[in-house]
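Notes to accompany the following structure.
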């Protein structure tokens with residue numbers, strides 16, 4: 001990165017390139033509520049940001065405070081480099097990034113009316129009316145009041161009235177929920193990683209026997225429940241592997257270190273020290289940094305790291321031991 005220069009703001013529209021902003025970018029008068037901020041690259045903002053519209057034309061960009069836009073947060077489709085939001089990001093309208101060559105990282109939650117992301121890593125959760133994710137990793141949940149569209153993504157769980165999936169979609173938690181029946185393209189595959197030995201995979205070690213990903217059948221793994229009170233009746237569909245939980249009693253899942261790995265990702269910069277999972281296959285310490293965790297999940301998503309299929313066979317007599 002080039003040497004950054006500190007600047008002061010006194011105009012309605014701000015352009016940032018090769019700048020270090022030591023404080024916040026917040027409106028001080030009514031006229032500044034409609035201010036557009038354009039980032040052209042190589043910029044660090046150490047405080048929170050408010051803008052009518054925040055446009056990112058290119059990386060690198062790091063915003064260390066919370067971000068809120070009234071109209072939209074928009075990332076140019078041709079943007080390259082790294083863009084990182086250290087704290088929560090929100091918009092009264094939309095958050096959009098379709099940049100294929102950009103490394104986009106959200107260290108915390110996203111909240112907006114509409115969210116469309118490609119090739120993004122979200123350590124927290126996403127809350128919106130409509131959500132479209134393509135080639136993304138979400139360590140938390142994806143929660144929509146209207147619709148979710150997932151393509152080739154890893155998510156913790158989801159809860160939405162309407163869900164559509166395409167390509168390979170992975171769940172990190174045992175269950176996910178929708179009101180309407182899930183729509184899936186012909187090539188769609190839904191997997192559950194709650195019994196995968198993520199700790200061993202992270203360290204490059206052999207996976208625990210009888211651990212692995214569970215291939216979910218959208219038809220047979222759907223459990224439909226009806227919720228009723230005095231006024232309304234609602235049908236809720238859950239897509240779950242809880243019915244296969246007998247296998248869990250035969251495996252020491254604590255050794256997987258899945259929960260610890262996901263917690264380290266979601267807490268990120270809030271941790272006072274860097275934790276690790278012990279020694280990896282090369283004898284080095286397997287430190288848990290956000291960049292390493294990001295690369296790990298994208299390697300699973302892109303097939304560079306292969307998660308074995310779980311062997312669901314077990315001897316019923318083992319339950320008596």
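Residue numbers (UniProt numbering): 1 to 321.
Where is the CB? At the ideal position from N, CA and C, for every residue including glycine.
Per the C-alpha coordinates, the member of 99, 119, 83 and 286 positioned closest to residue 204 is 286. Unbroken beta strand (DSSP E) stretches of 3 residues or longer found wholly inside the stretch 75-102: 81-85, 89-91 and 94-97, given in chain order. Only residues of its own chain outside the window of five on either side were considered, and among them 121, 154 and 297 have a CB closer than 6 Å to the CB of residue 137, listed in chain order. Annotation for residue 214: 192, 241 and 310 place their beta carbon closer than 6 Å to its own, counting only its chain and skipping 5 residues before and after. Around the C-beta of residue 219, fewer than 16 other C-beta atoms lie within 10 Å, and the residue is accordingly described as exposed.
Within the same chain, Cβ atoms closer than 6 Å to the Cβ of residue 199 are found at 256, 257 and 277, the five residues on either side in sequence being excluded.
Sixteen is the threshold: when 16 or more other Cβ atoms of the shown chains lie within 10 Å of the Cβ of residue 86, as they do, the residue is buried.
Between the C-alpha atoms of residue 211 and residue 125 there is a straight-line separation of about 26 Å. Its chain contains 39, 43 and 83 as the residues whose beta carbon lies nearer than 6 Å to that of residue 61, once the 5 sequence neighbours on both sides are disregarded; these appear in chain order. For residue 120, no alpha helix (DSSP H) run applies; the uninterrupted beta strand (DSSP E) run containing it begins and ends at 120-122, by DSSP.
Exposed is the label assigned to residue 217, since fewer than 16 other Cβ atoms lie within 10 Å of its Cβ.
Remark: C-beta atoms of residue 132 and residue 99 do not approach each other more closely than 7 Å.
Linking residue 183 to residue 222 through their CA atoms gives a straight-line distance of about 12 Å.
In this chain, residue 297 is not harboured by any beta strand (DSSP E); it is covered by the alpha helix (DSSP H) spanning 290-301. Counting every other CB atom within 10 Å of its CB across the protein chains shown gives residue 103 a total of 16 or more, marking it as buried.
Around the beta carbon of residue 226, fewer than 16 other beta carbons sit within 10 angstroms, so the residue counts as exposed.
Cβ-Cβ separation between residue 45 and residue 64: approximately 7 Å, consistent with a contact (criterion under 8 Å).
Considered as a whole, the stretch 31-72 harbours 36-45, 49-56 and 61-63 as its complete beta strand (DSSP E) runs of no fewer than 3 residues, in chain order. Per DSSP, the unbroken alpha helix (DSSP H) holding residue 263 starts and ends at 258-267. In this structure, residue 264 lies near residue 288, with their beta-carbon atoms less than 7 Å apart.
Around the beta carbon of residue 306, fewer than 16 other beta carbons lie within 10 angstroms, which makes this residue exposed.
The criterion of a C-beta distance shorter than 7 Å is satisfied by residue 96 and residue 116. Residue 309 has 213 as its beta-bridge partners, per DSSP. In this chain, the beta strand (DSSP E) harbouring residue 127 covers 126-134. Counting the other CB atoms within 10 Å of its CB gives residue 67 a total of 16 or more, which places it among the buried residues. In the same chain as residue 52, and ignoring 5 residues on each side of it, the C-beta atoms closer than 8 Å to its own belong to 33, 34, 35, 36, 69, 70 and 71, in chain order. Counting C-beta atoms within 10 angstroms of its own C-beta, residue 268 has 16 or more neighbours from the protein chains shown and is therefore classed as buried.
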